[in-house]
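In the numbering used here, the protein residues as written are 30 to 107.
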């Protein structure tokens, strides 16, 4: 009984964290991959999930601000 409760709580926590990640910025490789029609279904599936993007702290501040504004209340993954 206790194990079931722990698993239920862990599952709920994992779901709530995954649901709030920002996926506003998609990797450039997605658009490159969709040039091959065979990859389109797989890329469309990947677009449903947030992917962390790397940004340098040397980037212009307004570029990061523009990105953050696309995330709304979601957690940015940069």
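Beta carbons: idealized from backbone N, C-alpha and C, even for Gly.
Query, Result
"Inter-stretch contact at 8 angstroms, needing at least 3 Cβ pairs: the stretch 47-56 / the stretch 65-80", "yes"
"Short Cβ contact (8 angstroms threshold) for residue 94 with residue 49", "no"
"Length of the line joining the Cα atoms of residue 62 and residue 80", "16 angstroms"
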